[in-house]
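Trainee: Each residue of the sequence shown is one higher than the last, beginning at 860 in our numbering. Don't be surprised by glycine CBs; every beta carbon is placed ideally from N, CA and C.
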Amino acid sequence: MEITEKLIKTHSLSREEALELLKHTKDPAAVAKLARAAVEIRRRYYGDKVFTRGLIEFTNYCKNNCYYCGIRGGNLHAVRYRLAEEEIMDCCRNGYDLGFRTFVLQGGEDPFYTDEKIAGLVKGIKKRYPDCAVTLSIGEKTREAYRMFRDAGADRYLLRHETANEEHYKRLHPAGMSLRARKQCLYDLKDLGYQVGAGFMVGSPGQTPECLAEDLVFLQELKPQMVGMGPFIPHHDTRFAGEPAGSVELTLFLLSVVRLLLPKVLLPATTALGTMDPCGRERGLEAGANVVMPNLSPVKNRKQYDLYDNKICTGEEAAEGFECLRQKVASAGYRLVSERGDFCGADE
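1. Can you tell me where the alpha helix (DSSP H) holding Glu916 begins and where it ends?
2. Please say whether Arg1009 and Tyr1053 have beta carbons closer to each other than 8 Å?
3. Buried or exposed: which applies to Tyr1167, given that a residue is buried once 16 or more other Cβ atoms fall within 10 Å of its Cβ?
4. Spatial neighbours of Glu875 within its chain, please: CB distance less than 6 Å, with the 5 preceding and 5 following residues excluded, ordered by chain position.
5. Taking Cβ to Cβ, would you say Cys991 is nearer than 8 Å to Thr961?
6. In terms of DSSP beta bridges, what is Ala1057 paired with?
7. Should Glu1141 go down as buried or exposed, given a rule of 16 or more other Cβ atoms within 10 Å for buried?
8. Val1016 bridges to which residues according to DSSP?
9. Any chance you could list the alpha helix (DSSP H) runs of at least 4 consecutive residues sitting entirely within the segment 905–961, in chain order?
10. Enumerated in chain order, which unbroken segments of the alpha helix (DSSP H) with a length of 4 residues or greater are wholly contained in the segment 1077–1156?
11. Mind checking which residues open and close the beta strand (DSSP E) that includes Leu1195?
12. Where Phe1202 and Gly1056 are concerned, what is the direct C-alpha to C-alpha distance, given to the nearest angstrom?
13. Can you tell me which of Thr869, Leu1125, Ile862 and Pro887 puts its alpha carbon nearest to the alpha carbon of Leu878?
14. Just verifying my parser: in three-state terms, what is the DSSP assignment at Gly983?
15. Drop a sphere of 10 angstroms on the beta-carbon of Asp956, count the other beta-carbons inside from all chains shown, and report buried for 16 or more, exposed for fewer.
16. Find the nearest neighbour of Ala1128 within the set Ile1092, Leu1114 and Arg1041, judged by alpha-carbon distance.
17. Buried or exposed: which applies to Cys925, given that a residue is buried once 16 or more other Cβ atoms fall within 10 Å of its Cβ?
18. Taking the DSSP output, what are the residues bridged to Val1188?
19. Kindly identify the DSSP beta-bridge partner or partners of Gly1062.
20. Considering only their Cβ atoms, is the gap separating Leu1184 from Pro1137 smaller than 8 Å?
21. If you measure between the beta carbons of Phe1112 and Ala1104, is that distance less than 8 Å?
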């Protein structure tokens, strides 16, 4: 059976099959076939709906020193900030009025925000907006901390594994961080009942087809409800400043593959994709994505949450440009909806 046919029919790939499939990333016929199949299965489960997530980047302090990240702890040029609780609530109020029913609290691993403070923020948001989902994206924590956040009302947790290859992980991260610990966090989160998001950068330094094959196998094993993927984009204050950016085309190819591997997955057309290509998010939807994440952060702080160079979340993509985003989504044949946008079924 042809490898693309096998994926479409069985929704599974071995490591060897994934490697074979990755040989076809520049084959227009294979790319188009996978995209058509991905869109068809996404429509089966989610119709033409595109779910919005209101992104609130509430701190850019981080204790870690990941080599690719602009807000790494060792970057002395980063202009640091933390949002006050009332600022965060203002972001939620603005988003709720616009129709957002999921808020994503995203930040560096900032020791200022103790587990108790995070739990308090979650409780505050859920009390004011009980019909909304709260997603956390704040890195590696203890199982006890994850339990505390869940008990406070957190619904989802985003934690990209970044790479499932041990050696590649070491190239991207300093000693003291480990792939084993990252994976354990993801399994703890699933066990505690979160809707869990994993994911990786496409084209990060040192990434090989073998690395990508391992990523695809790991995603099948983990069965996350969400997968975040975007092209690697270098930041000028990191050791990878001179590295080439990842490929938009390969990212789109992998979006289709992941949709077919995990048919019900919540799959964002990411900000990084929109940064690399003005039509990147629309193209992501056409490859099988069904989520967009506009920025609700205060205008004065958006440029400071500087994960990579030229990030687009400083203007039109922000909440003020929500109507424009709605039109762009409509132009791709889909519609933004004011729903929580939960994962649509049990793991399969």
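Mentor: Based on what the coordinates show:
1. Against the sequence shown, residue 916 aligns to sequence position 57. Taken as a continuous stretch (DSSP letters only), Glu916 belongs to no alpha helix (DSSP H), being part of the beta strand (DSSP E) at Gly913 to Thr918.
2. For the purposes of this step, residue 1053 is taken as the residue at position 194 of the sequence shown. For the purposes of this step, residue 1009 is taken as the residue at position 150 of the sequence shown. In this structure, Arg1009 lies closer than 8 Å to Tyr1053 by Cβ.
3. To locate residue 1167, count along the sequence shown from 1; it is residue 308. Annotation note: pLDDT 48 at Tyr1167 (below 50); position unreliable, no value reported.
4. On the sequence shown, position 16 is the one that residue 875 refers to. Result list for Glu875: empty, nothing under 6 Å.
5. By one-based count along the sequence shown, residue 991 stands at place 132. By one-based count along the sequence shown, residue 961 stands at place 102. Yes.
6. Position 198 of the sequence shown, counted from the start, is the residue given in the question as residue 1057. Beta-bridge pairing links Ala1057 to Val1086.
7. Along the sequence shown, read from residue 1 onward, the residue named residue 1141 stands at position 282. Buried, by the Cβ-count rule.
8. Translated into positions along the sequence shown, residue 1016 becomes position 157. Residue 1016 is actually Tyr in this sequence, not Val. Answer is Leu995 and Val1055.
9. If you keep only unbroken alpha helix (DSSP H) runs of at least 4 residues inside the segment 905–961, you get 944–957.
10. Whole alpha helix (DSSP H) segments, 4+ residues: 1107–1120, 1130–1135 and 1139–1145.
11. Residue mapping note: residue 1195 aligns to position 336 of the sequence shown, counting from 1. Per DSSP, Leu1195 belongs to the beta strand (DSSP E) from Arg1194 to Val1196.
12. The count along the sequence shown starts at 1 and reaches residue 1202 at position 343. The count along the sequence shown starts at 1 and reaches residue 1056 at position 197. Roughly 11 Å between the two C-alpha positions.
13. Along the sequence shown, read from residue 1 onward, the residue named residue 878 stands at position 19. Among Thr869, Leu1125, Ile862 and Pro887, the Cα nearest to that of Leu878 is on Ile862.
14. The sequence position of residue 983 within the sequence shown is 124, counting from 1. Three-state result, Gly983: helix.
15. As a first step, residue 956 must be located in the sequence shown, where it is residue number 97. Exposed, since its Cβ has fewer than 16 Cβ neighbours within 10 Å.
16. Indexing the sequence shown from 1 puts residue 1128 at position 269. Among Ile1092, Leu1114 and Arg1041, the Cα nearest to that of Ala1128 belongs to Leu1114.
17. Within the sequence shown, numbered from 1, the residue matching residue 925 stands at position 66. It counts as buried.
18. Along the sequence shown, one-based indexing puts residue 1188 at 329. For Val1188, which the question treats as bridged, DSSP gives no partner whatsoever.
19. Indexing the sequence shown from 1 puts residue 1062 at position 203. Gly1062 has no beta-bridge partner at all, per DSSP.
20. To locate residue 1137, count along the sequence shown from 1; it is residue 278. To locate residue 1184, count along the sequence shown from 1; it is residue 325. Not in contact: Pro1137 and Leu1184 (Cβ atoms no closer than 8 Å).
21. Position 253 of the sequence shown, counting from 1, holds the residue named residue 1112. Position 245 of the sequence shown, counting from 1, holds the residue named residue 1104. No; because the gap between Cβ atoms is not below 8 Å, this pair is not in contact.
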